[in-house]
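Residue numbers (this note's numbering): 764 to 962.
All C-beta atoms, glycine included, are put in the ideal place defined by N, C-alpha and C.
Take a look at the structure below.
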């Protein structure tokens with residue numbers, strides 16, 4: 764597996780970490796990429812857990828659990844912290860965007876789009892087994908796979924819209940003024956994909 768899906772995810776995580784959870788309406792694109800408050804978060808940890816599971820041909824749940832316990836205090840949500848604390852972690856119906864945030868390595872692991880969708884679902888299910896949690900992971904992994912295999916941005920947009928029902932019609936410039944912090948897959952994954960499409 765090449766490093767590019769990991770590097771992109773981790774760099775984005777670190778650069779954006781100082782803005783995570785802020786409710787004060789950060790709307791600018793003018794900011795220093797590196798800042799003293801920047802750090803890697805739970806999203807980087809879980810991205811590496813997914814990559815490790817793929818490389819070792821292991822189940823996702825144990826890898827997520829092992830990595831999360833090895834790197835505590837990285838910004839995990841309350842339900843995920845309880846999942847990590849359990850000696851017998853079970854899915855808890857999450858539709859949070861954590862399932863999508865950790866899915867980028869899957870876009871490089873699957874040989875076909877169908878395999879990517881299956882792997883994305885398997886990576887989400889240990890914790891984020893709500894249909895929206897699964898859909899968010901699948902959308903991110905599928906978009907990455909399509910980009911990797913030469914699909915145009917228009918083709919990626921059409922596939923994501925048709926397959927997952929995400930509204931990608933508004934540009935980031937149109938979304939930004941009214942957007943508020945939202946950790947759900949349905950409230951953040953379409954916007955993240957739109958940001959890629961506008962890049």
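For residue 783, the CB contacts under 8 angstroms within the same chain, skipping 5 residues up- and downstream, are 804 and 838 in chain order.
Sequence-distant Cβ neighbours of residue 856 in its own chain, meaning closer than 7 angstroms and more than five residues away, are 892 and 893.
Contact between the stretch 852-869 and the stretch 812-832 is established, with three or more Cβ pairs separated by less than 8 angstroms. When only Cα atoms are considered, residue 934 and residue 889 end up about 33 angstroms apart.
At the C-beta level, residue 870 and residue 953 stay beyond 8 angstroms of one another.
Taking 8 angstroms as the cut-off, the Cβ atoms of residue 822 and residue 772 do not count as close. For residue 778, the closest alpha carbon among the candidates 765, 770, 801 and 790 is that of 801. Relative to residue 895, the option among 911, 905 and 862 whose CA is nearest is 862. Boundaries of the alpha helix (DSSP H) around residue 864: 861-864. Counted as a single uninterrupted DSSP element, the alpha helix (DSSP H) harbouring residue 847 occupies residues 841-848.
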